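Participant:
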Amino acid sequence: MTLAAWLRPTPHGRPVHPWWWITAGLLAVLILVGAQFADAPGLLERGDSWWRPLVSLPALSVLVLAWWQLGPLWRHPLVAAAIWSAPMMFALPMYSRDAYAYAAQGWMVARGLDPYTTPLGEAGLPGLLVGVHWHKTTAVYPALSLELFGMIARLTGSDLFWTTVALRVPNVLALIGLAWVVRRLARRFGVDEGLALWAGVLNPIMLVQWIGGVHNDAVMVTLAVAAVLAVTDLGWRGWRGVLVAGVLLGLAMGVKQTAALYGLGVVAVGWAARFPHGLAPPTRDGAAPAPSPTAGWWRLAVVAAVPGAVTIAVFALVSLRFGFGWGNPTAGNPIGAMSNAPLSWLAEALRYPLPDDVVNPAVTTVSTVLLLAAFVALWVRIGPRGDDPRRPWAFMLAVLAAFCVLGPALQPWYLTMLLPLYVFWLAGPRWDRAWLVVVVGFTLLPALQTLVAPLIAMPLLAVPLWWLWSEMSRRGVSPLPPRSSLR
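The opening position of the sequence shown corresponds to residue 765 in my numbering, with each subsequent residue numbered one higher.
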């Protein structure tokens, strides 16, 4: 049997031998987990051994290929997600030491210490394993995260291994919840459910970073995407949805502050829902929905203000116990470590002639100014108007992408903010090719970045990724099928 007989013929094609590909993905995950245990003497922070990428890169490549070969027509994407995620439940934290920072904060909460004033490195055994950039800093996460970390620490007795396992349980529940939300969003907007689940839930970045990496972005993203779904509900004379969306977004911010970035998109989608055919399946001609009898700038302002006020109120309410100490000068600054963000490279260069206490606030300020300018420009160009919802999905994704590019830090798990929503934007083949290149690149990148710095890892991957882009462009390949029903 030739290799071609095992491959999905086109992005529109059905999977060939899907259970073999699920088995291949499972073996790839088992190799990743096994290599991690074999290369982790003492658990202390250090770069990977030279041989580790020689194992991890092929394994991650097989996982990406298995995901691609299943495709959006595979009828059991959640079964594949469960099988591939199961070994990662018991792995050491993959490609990040954030889980040890979570464990350290939980250790403090369980013992009545204030994580906003106590350095992470002083949190017993978990504190010893916190990343070197954050060892002397205090907690950066808001109250709901601290409550969750503390509850898990009490349940596990702060046992290091079982704490990292237990920290994955909320992420598994978040992944299940995200699948439920994405399915309903797909029905609401006329997008194929299988495509939405394959691209936004089974995606290897989602599984590796949420389950393997133990990042609390999982709970935050699921609540925020649920807010996007909620805002389309026009019950109670049009206001029930915006109220529920505000509550969900406030809870999401209680987990991680970056959930606020979804606010502009929630307003845009909520405004589109108020126009006739505003929730109809997208079309390529860009024709605006029919005017709404309740349209107008004042009405748009109210649709923005109501969920915004509810979000702030809920965030303040859930923060009452611990307060807002995540804003203390002692809290960790994401610019403090080099990442995939261009501004982090600038900060790293400036640290040669200047001290950290000058560089970090200066670059953070530059990032804030650039982001505000980008958000305003995006609103003017594609954001909602009083008489036209314009392009709500493009606007939401552009806001999130601007944060990734212009923010003080960019890590592979930040992309999980965008991935569940991408298929709801009818982007066209060129953007779909870029989407696939980004997914492949940021799935593979962590295997290199634990050995070499991002400034070295990214150019190394850029060459094969450029070849992938060029081949797809030359052949006129669109990685994603039409967004409407495939079955």
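Where is the CB? At the ideal position from N, CA and C, for every residue including glycine.
These numbers come from a predicted model, not from an experiment.
(1) What residue range does the alpha helix (DSSP H) around Y1186 cover?
(2) Could you give the residue range of the alpha helix (DSSP H) that holds P1228?
(3) Excluding the five sequence neighbours on either side, which residues of its own chain have a C-beta within less than 6 Å of the C-beta of R1115, listed in chain order?
(4) Below 8 Å, can you find three or more Cβ-Cβ pairs linking the region 829-849 to the region 917-928?
(5) Does the distance from the CB of D803 to the CB of L1215 come in under 8 Å?
(6) Does A792 have its Cβ less than 8 Å from a Cβ in chain B?
(7) Between which two residues does the alpha helix (DSSP H) containing W784 stretch?
(8) In terms of alpha-carbon separation, which member of S922, L889 and L842 lies closest to L808?
(9) Measuring only the C-alpha atoms, how far is P1184 from W974?
(10) Who are the near neighbours of A1165 in its chain, counting only those whose CB is closer than 8 Å to its CB and skipping five residues on each side?
(11) Of all the options L791, A1073 and L829, which has the alpha carbon lying nearest to the alpha carbon of P779?
(12) How about P857 and L1212: are their beta carbons less than 8 Å apart?
(13) Quick check on the burial criterion: 16 or more other C-beta atoms within 10 angstroms. Buried or exposed for K1020?
(14) Taking only three categories from DSSP, how would you classify R951?
(15) For V946, does the count of other Cβ atoms within 10 angstroms reach 16, so buried, or fall short, so exposed?
(16) Where does R839 fall in DSSP's three states?
(17) What does DSSP give as the partner residue(s) for R1154 in the beta ladder?
(18) Using alpha carbons as the reference points, say which of P968, V1070, N967 and F953 lies closest to A1036.
(19) Going by C-alpha to C-alpha distance, which of L987, T1132 and L1028 sits closest to I1099?
(20) Runs of 4 residues minimum, wholly inside the region 1108-1177: which ones carry the alpha helix (DSSP H) assignment?
(21) Between the Cα of M1260 and the Cα atoms of P1156, A1138 and A1105, which residue gives the shortest distance?
(22) If you measure between the beta carbons of D956 and R1247, is that distance less than 8 Å?
(23) Rounding to the nearest angstrom, what Cα-Cα distance links T901 and G1096 in this structure?
(24) Taking Cβ to Cβ, would you say A887 is nearer than 8 Å to M872?
(25) Report the start-end ranges of each alpha helix (DSSP H) in the region 879-947 that is 4 residues or longer and not cut off at the edges.
(26) So for A1095, helix, strand or coil by DSSP?
(27) Using 10 angstroms around the beta-carbon of G1029, count the other beta-carbons present and answer buried if the total reaches 16, otherwise exposed.
(28) Taking 8 Å as the cut-off, does the region 1078-1094 touch the region 1156-1174 (at least 3 CB pairs, one atom from each stretch)?
(29) Ordered along the chain, which non-local residues of its own chain (more than five positions away) have a Cβ less than 7 Å from that of W898?
(30) Here's the rule: buried if 16 or more other CB atoms are within 10 angstroms of the residue's CB, otherwise exposed. What is G789?
(31) Would you kindly work out how many angstroms separate the C-alpha atoms of L821 and L971, rounded to a whole number?
(32) Could you tell me whether the Cβ atoms of P968 and L1174 are closer together than 8 Å?
(33) For a test of the three-state rule: what should DSSP assign to F1206, helix, strand or coil?
Facilitator: With the structure as the only source:
(1) From DSSP, Y1186 is part of no alpha helix (DSSP H); its letter is neither H nor E.
(2) P1218 to R1239
(3) V1123
(4) no
(5) no
(6) As a matter of chain content, chain B is missing from the structure shown, which is built from one protein chain.
(7) P782 to A802
(8) L889
(9) 13 Å
(10) L1182
(11) L829
(12) no
(13) buried
(14) helix
(15) buried
(16) coil
(17) In DSSP, R1154 forms no bridge with anything.
(18) F953
(19) T1132
(20) 1120-1146 and 1156-1170
(21) In the structure displayed, the chain extends from 765 to 1251; residue 1260 sits before or after that span and is not available.
(22) yes
(23) 5 Å
(24) yes
(25) 888-892, 907-920 and 924-930
(26) strand
(27) buried
(28) no
(29) A865, L884 and G1096
(30) buried
(31) 16 Å
(32) no
(33) helix
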